[in-house]
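Below you'll find the structure, written out as structure tokens, and then a few comments.
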Amino acid sequence: MLFTLLLTALGSTPPEPAVVNSNYLLALAPENSVSVLAIGNLDEMREAAKKNSFVRFAEDEQVAALFNNIAGDAMEKLAAELQLNQVLGPDIDLAALLASLHGSVVLFSETPNQNMQDPLVGLMIELGDDRSGFDQVFSGFMDRMGNKMSVSGSDHMGVPVMSFRPKEARAEGVLHLAELGDAVVLMGGSGSPAAMTQLQGIIDRWSGASSTGGLLQSANFKSARGSLEFDPHIECYLDVHSLWSSLQNSGELRHAELPEDLLNEIGQVRWLHGGARIGTGEELDFQLGLDMPEEGIIASFAGLFGGIPIDLMRQVPRQSSSICSLSLDLHGLFNTANDLLRAFDEQKFNEAQLALQRVNDMGIDIEGNFLSQLTGGYVGFSVEVPASESLLGMAGSMAGAANGDDPLPSYASATIIGLQDPGPFKAGIDKILETFNQQKLTTDVANGQQAHSVNFGFFGVHWAFTPKSLVLGIQPTPVAEALRMLGDDSLSIMDKGRFAGPMQANRRAFHFSIRDTATNLKSAMGGLQSVSRMLPMLSMLTDFKVPEGFPINAQTPWPSPSIVSRYFEGTISSAVTWDESSLRLRLTSK
26 MLFTLLLTAL GSTPPEPAVV NSNYLLALAP ENSVSVLAIG NLDEMREAAK KNSFVRFAED
86 EQVAALFNNI AGDAMEKLAA ELQLNQVLGP DIDLAALLAS LHGSVVLFSE TPNQNMQDPL
146 VGLMIELGDD RSGFDQVFSG FMDRMGNKMS VSGSDHMGVP VMSFRPKEAR AEGVLHLAEL
206 GDAVVLMGGS GSPAAMTQLQ GIIDRWSGAS STGGLLQSAN FKSARGSLEF DPHIECYLDV
266 HSLWSSLQNS GELRHAELPE DLLNEIGQVR WLHGGARIGT GEELDFQLGL DMPEEGIIAS
326 FAGLFGGIPI DLMRQVPRQS SSICSLSLDL HGLFNTANDL LRAFDEQKFN EAQLALQRVN
386 DMGIDIEGNF LSQLTGGYVG FSVEVPASES LLGMAGSMAG AANGDDPLPS YASATIIGLQ
446 DPGPFKAGID KILETFNQQK LTTDVANGQQ AHSVNFGFFG VHWAFTPKSL VLGIQPTPVA
506 EALRMLGDDS LSIMDKGRFA GPMQANRRAF HFSIRDTATN LKSAMGGLQS VSRMLPMLSM
566 LTDFKVPEGF PINAQTPWPS PSIVSRYFEG TISSAVTWDE SSLRLRLTSK
């Protein structure tokens with residue numbers, strides 16, 4: 026299976042450590058590269074992977090069996106579609122090839138004529154001393170494709186270059202190959218001289234004949250890298266400005282239905298950049314950044330976002346297994362969207378105003394009762410609930426018990442919405458219930474606050490107002506737990522060390538979430554297992570038919586949920602931040 030093959034390659038022991046990182050190859054890549062994927066120091070990644078909990082979890086016998094059962098066939102089909110055996114040969118050992126790579130790998134592409142024509146793709150591989158895997162693949166490639174290609178040789182700066190071209194008259198394309206010390210460079214194109222020109226430029230930079238033109242000297246690339254908050258093992262980069270210009274020059278945007286001002290503003294975006302790092306233990310880091318224009322339509326939305334609503338966080342119970350926050354001026358977004366719609370399409374703006382007026386005529390003032398009362402802070406959280414409050418949790422508990430494992434806990438969530446004044450908001454909800462609800466409204470008292478609920482048969486809606494918020498959930502327990510925090514925030518999530526620290530570190534994030542890794546993995550596994558066992562019964566009782574080839578079924582070898590606790594005891598968090606220059610998403614596990 027390819028999944029096992031990849032794990033074997035990642036965990037293989039290299040004969041010697043690498044001595045350079047991806048900067049070595051990135052300095053050789055063309056400055057005008059449109060897209061780049063760089064993998065730096067594979068040996069360092071292997072050493073970290075041996076000690077990484079996620080890799081060890083994936084290599085666990087029970088988990089690997091599950092992955093192979095679910096994804097194995099799909100991976101094999103993908104390999105067949107890529108025709109790897111036809112190109113490389115049936116006896117090629119891909120694990121040996123991957124294990125023979127020790128330093129860095131850089132894949133880049135460019136469109137030198139700026140009109141999406143004649144794109145060039147380059148691949149630079151640092152092999153190290155043990156290059157047997159690469160030599161095997163190259164020999165297999167020559168055996169398979171040699172009679173279909175013409176091979177010629179040339180020389181530049183004393184470096185031999187091999188060129189491969191298809192013999193068929195209708196086929197186009199060229200592949201050049203050169204060895205630069207312990208690195209191999211492959212450059213492919215449509216057959217124009219541009220591919221050779223770029224390869225010669227790489228050789229010049231490597232030999233020292235040219236001191237300019239490398240990607241590391243690109244101001245755009247430097248700016249993109251400056252947004253990254255850690256040293257990555259894997260790095261990706263997209264020159265958005267150049268790509269957008271190429272699309273415009275090629276006519277691909279001719280029929281775009283976006284306003285011209287907005288199209289021009291998108292053209293001001295310079296780069297998209299991402300990085301990932303594998304650490305020891307539960308440490309994983311991923312960040313994606315997008316350069317943003319500092320003025321104009323897009324920039325006007327940046328002011329609608331704030332930081333983590335700490336005041337609402339104090340209403341979140343300490344025992345929560347996950348929390349998620351959003352800080353967005355929804356009223357401001359409504360007004361901004363109205364202004365843009367009126368500017369770009371007055372007819373659609375008038376239609377939207379008529380629809381809004383019809384709602385207002387029913388006595389429900391969307392803007393006055395609701396939007397204007399929102400502070401912009403929203404927090405969701407999950408807590409353990411009785412199994413009776415969660416059908417999926419109940420099924421997961423039965424699945425766990427059937428495995429001889431401890432029953433899985435059931436979780437349900439609620440959302441806390443910050444309010445300027447609960448009075449108008451409550452009046453608006455009362456009017457909606459009076460207009461649409463045909464069910465009986467029930468009211469209880471919890472911690473001195475009225476808690477309301479409406480039953481819709483299969484599920485219900487539960488809510489309660491506090492002096493500065495609305496607590497809303499589809500199960501009663503989370504709402505009641507949030508009300509317990511009133512007047513005693515010493516029991517809140519803000520005093521839970523492993524959650525409070527990341528929250529404080531990301532206070533400027535307009536979207537932030539953090540969850541207990543083990544709890545959420547167990548719940549996900551239990552839920553999927555429950556679904557797999559319910560599918561046959563669902564097919565018998567309804568017209569639902571399981572799609573052919575669906576990878577999950579009653580015979581799926583599910584690992585015991587308790588296995589998760591062997592590897593995980595930390596948290597996974599995500600944060601999205603938008604300042605005046607960039608939009609950044611960061612995912613962290615530790």
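In terms of our numbering, the sequence shown is residues 26 to 615. Each residue gets a CB set at the ideal place from its N, CA and C atoms; glycine is no exception.
Practice task
Using the Cα positions of L132 and I457, report the straight-line distance between them to the nearest angstrom.
Solution key: As a working mapping, residue 132 is identified with position 107 in the sequence shown. As a working mapping, residue 457 is identified with position 432 in the sequence shown. Going by the C-alpha atoms only, they are around 57 Å apart.
Problem - Neighbourhood of T400 by C-beta, 7 Å cutoff - its chain only, sequence neighbours within 5 removed - result: The residue labelled residue 400 in the question sits at position 375 within the sequence shown. The residues are G443, L444, Q445.
Exercise for the section: Please go through the segment 224-292 and give each complete alpha helix (DSSP H) segment of 4 or more residues, from N-terminal end onward. Expected result: 244-251, 265-275, 285-291
Handout entry: Nearest-angstrom Cα separation, counted from D68 out to H477
Key = Position 452 of the sequence shown holds residue 477. Position 43 of the sequence shown holds residue 68. Between H477 and D68, the C-alpha separation is close to 59 Å.
Exercise for the section: Please specify which runs of the alpha helix (DSSP H), each continuous and at least 4 residues long, are wholly inside the segment 316-355, giving them in chain order. Expected result: 322-327, 335-338
Exercise for the section: Could you tell me which residues DSSP puts in a beta bridge with A301? Expected result: For this step, residue 301 is matched to residue 276 along the sequence shown. Note: A301 sits in a beta bridge opposite I259, F311.
Practice task
Return yes when the Cβ of H356 is within less than 8 Å of the Cβ of S397, no when it is not.
Solution key: By one-based count along the sequence shown, residue 397 stands at place 372. By one-based count along the sequence shown, residue 356 stands at place 331. Cβ atoms of S397 and H356: closer than 8 Å.
Practice task
List the endpoints of the continuous alpha helix (DSSP H) containing D604.
Solution key: Residue numbering aside, residue 604 sits at position 579 when the sequence shown is read from its first letter. First-last for D604: undefined, no H or E at that position.
Handout entry: Exposure of K547, with buried meaning 16 or more beta-carbon neighbours within 10 Å
Key = Locating residue 547 in the sequence shown gives position 522, counting from the first residue. Classification of K547: buried, given that the 10 Å Cβ count is 16 or more.
Practice task
Tell me, to the nearest whole angstrom, how far the beta carbon of A73 is from that of S47; I am working on the premise that it is less than 8 Å.
Solution key: Residue mapping note: residue 73 aligns to position 48 of the sequence shown, counting from 1. Residue mapping note: residue 47 aligns to position 22 of the sequence shown, counting from 1. Not confirmed; about 15 Å, so no contact.
Practice task
Check whether the Cβ atoms of V210 and A219 lie closer than 8 Å to each other.
Solution key: Here residue 210 corresponds to residue number 185 of the sequence shown, with the count starting at 1. Here residue 219 corresponds to residue number 194 of the sequence shown, with the count starting at 1. Contact flag unset, no.
Practice task
Could you have a look at N531 and say whether DSSP puts it in helix, strand or coil?
Solution key: By 1-based counting over the sequence shown, the position of residue 531 is 506. DSSP places N531 in coil when its eight states are reduced to three.
Exercise for the section: Out of E392, R295, S438, state which residue places its alpha-carbon closest to the alpha-carbon of L608. Expected result: The residue given as residue 608 occupies position 583 in the sequence shown. When only C-alpha atoms are compared, the closest one is R295.
Exercise for the section: Within the same chain, show all residues whose beta-carbon is closer than 6 Å to that of L313, passing over the 5 residues directly before and after it, in chain order. Expected result: Translated into positions along the sequence shown, residue 313 becomes position 288. Cβ neighbours of L313 beyond the five flanking positions: G299, L610.
Exercise for the section: Would you mind sorting P582 into buried or exposed? The rule is 16 or more other CB atoms within 10 Å of its CB. Expected result: Translated into the one-based positions of the sequence shown, residue 582 becomes position 557. Label assigned to P582: exposed.
Practice task
Specify the secondary structure class of I389 as computed by DSSP and reduced to three states.
Solution key: Here the question's residue 389 lines up with position 364 in the sequence shown. Three-state DSSP puts I389 in coil, outside helix and strand.
Problem - For G65 and H258, believed in contact at Cβ under 8 Å, the rounded distance - result: In the sequence shown, counting from the first residue as 1, residue 258 sits at position 233. In the sequence shown, counting from the first residue as 1, residue 65 sits at position 40. About 6 Å separates the two Cβ atoms, so the contact holds.
Exercise for the section: Would you mind working out which of D386, L329, I322 sits nearest F369, comparing C-alpha positions? Expected result: To locate residue 369, count along the sequence shown from 1; it is residue 344. Nearest option by C-alpha distance: I322.
Exercise for the section: Give the DSSP bridge partners of N480, in chain order. Expected result: The count along the sequence shown starts at 1 and reaches residue 480 at position 455. DSSP, once it has assigned bridges, lists G485 as partnering N480.
Practice task
Count the other C-beta atoms from every protein chain shown that fall within 10 angstroms of the C-beta of A208, then say buried if there are 16 or more, exposed otherwise.
Solution key: Working through the sequence shown from its first residue, we reach residue 208 at position 183. Buried, because 16 or more other Cβ atoms sit within 10 Å of the Cβ of A208.
Practice task
Report back the beta-carbon spacing between P342 and R509 to the nearest angstrom; my notes put them in contact at under 8 Å.
Solution key: As a working mapping, residue 342 is identified with position 317 in the sequence shown. As a working mapping, residue 509 is identified with position 484 in the sequence shown. Contact holds; Cβ gap of about 7 Å.
Exercise for the section: May I ask you to report which of helix, strand or coil DSSP gives Q475? Expected result: The sequence position of residue 475 within the sequence shown is 450, counting from 1. Q475: strand per DSSP, three-state reduction.
Problem - C-alpha gap between S585 and G331, whole angstroms - result: Position 560 of the sequence shown, counted from the start, is the residue given in the question as residue 585. Position 306 of the sequence shown, counted from the start, is the residue given in the question as residue 331. Whole-angstrom Cα-Cα distance: 42 Å.
Exercise for the section: Indicate the three-state DSSP secondary structure (helix, strand or coil) for L123 in the structure shown. Expected result: Taking the sequence shown and counting its residues from 1, the one referred to as residue 123 is at position 98. Three-state DSSP puts L123 in a helix.
Practice task
State whether the segment 384-395 contacts the segment 449-456, with contact taken as three or more CB pairs (one from each stretch) at a distance under 8 Å.
Solution key: yes
Handout entry: Buried versus exposed call for N245 [16 or more other C-beta atoms within 10 Å across all chains shown]
Key = As a first step, residue 245 must be located in the sequence shown, where it is residue number 220. Flag for N245 reads buried.
Exercise for the section: Assuming F359 contacts L366 (C-beta within less than 8 Å), just tell me the rounded distance between them. Expected result: To locate residue 359, count along the sequence shown from 1; it is residue 334. To locate residue 366, count along the sequence shown from 1; it is residue 341. Wrong, their Cβ atoms sit about 11 Å apart, outside the cutoff.
Exercise for the section: Sort D390, G402, P318, L379 by Cα distance to Q340 and report the nearest one. Expected result: Position 315 of the sequence shown, counted from the start, is the residue given in the question as residue 340. The option with the nearest alpha carbon to Q340 is G402.
Problem - Bridge partners - P185, DSSP secondary structure assignment - result: Within the sequence shown, residue 185 is the residue found at index 160, counting from 1. DSSP lists D180 as partners of P185.
Exercise for the section: Give me the Cα-Cα distance between N93 and A83, rounded to the nearest whole angstrom. Expected result: In the sequence shown, the residue the question calls residue 93 occupies position 68. In the sequence shown, the residue the question calls residue 83 occupies position 58. If you take the alpha carbons of N93 and A83, they lie about 11 Å apart.
Problem - Neighbourhood of I389 by C-beta, 8 Å cutoff - its chain only, sequence neighbours within 5 removed - result: Working through the sequence shown from its first residue, we reach residue 389 at position 364. Within the same chain, I389 has close Cβ partners G453, K456, I457, T460.
Practice task
Determine the DSSP secondary structure at L433, reduced to helix, strand or coil.
Solution key: To locate residue 433, count along the sequence shown from 1; it is residue 408. L433 falls in the coil class under three-state DSSP.
Practice task
Please report the Cβ distance between I348 and S614, rounded to the nearest whole angstrom; I am assuming they are in contact, meaning their Cβ atoms lie under 8 Å.
Solution key: Reading the sequence shown from its first residue, position 323 is the one you call residue 348. Reading the sequence shown from its first residue, position 589 is the one you call residue 614. Contact flag wrong, Cβ pair sits at about 16 Å.
Practice task
Quick one: give me the first and last residue of the beta strand (DSSP E) that S407 is part of.
Solution key: For this step, residue 407 is matched to residue 382 along the sequence shown. Segment 399-410, the beta strand (DSSP E) holding S407.
Problem - As assigned by DSSP and simplified to three states, the class of F17 - result: The requested residue 17 does not occur in the structure, where the chain is confined to residues 26 to 615.
Handout entry: I499 in three-state terms, based on DSSP
Key = As a position in the sequence shown, residue 499 is number 474, starting the count at 1. I499 falls in the coil class under three-state DSSP.
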